[in-house]
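Residues are numbered in our numbering as their position in the sequence shown, beginning at 1, plus a constant of 155. For glycine and all other residues, C-beta sits at the position ideal for the given N, C-alpha and C. Everything on this sheet refers to the single structure shown next.
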Amino acid sequence: ASQRNQHQPSSIDSAITKLLTTAKTIKLREGVKPHERKRIQEAFDILTKLSEPPSLKTGERRESYQHFLKRINNDCGPQMVIISAVGGNQPSQV
């Protein structure tokens with residue numbers, strides 16, 4: 156357990172750094188690219204979907220990502236959902 160705790164702060168620091176970098180990039184570009192827009196739409200689609208029975212292959216990952224998005228949205232708002240989606244803080248295939 157102590158070994159896990161030693162690695163956790165750098166993982167959190169890395170995630171925060173990635174979110175900040177993504178937010179700055181979006182601001183400098185004054186928008187998002189088409190593939191990023193698609194990621195954002197997918198994130199909000201997953202966030203707002205009612206619990207559908209997913210396939211066994213993607214079910215657990217989709218459910219985990221939906222839970223993550225709900226927490227981000229409730230705790231930080233939709234802006235952070237956007238930054239998380241653009242920053243790649245999601246499974247590559249959901």
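Three-state class that DSSP yields for residue i in the structure shown
{"i": "residue 186", "result": "coil"}
{"i": "residue 204", "result": "coil"}
{"i": "residue 214", "result": "helix"}
Cβ distance (whole Å) where residue i is taken to contact residue j below 8 Å
{"i": "residue 199", "j": "residue 236", "result": "7 Å"}
{"i": "residue 178", "j": "residue 238", "result": "5 Å"}
Below-8 Å beta-carbon distance, residue i vs any chain B residue
{"i": "residue 228", "result": "The question asks about chain B, but that chain is absent: this structure has only one protein chain."}
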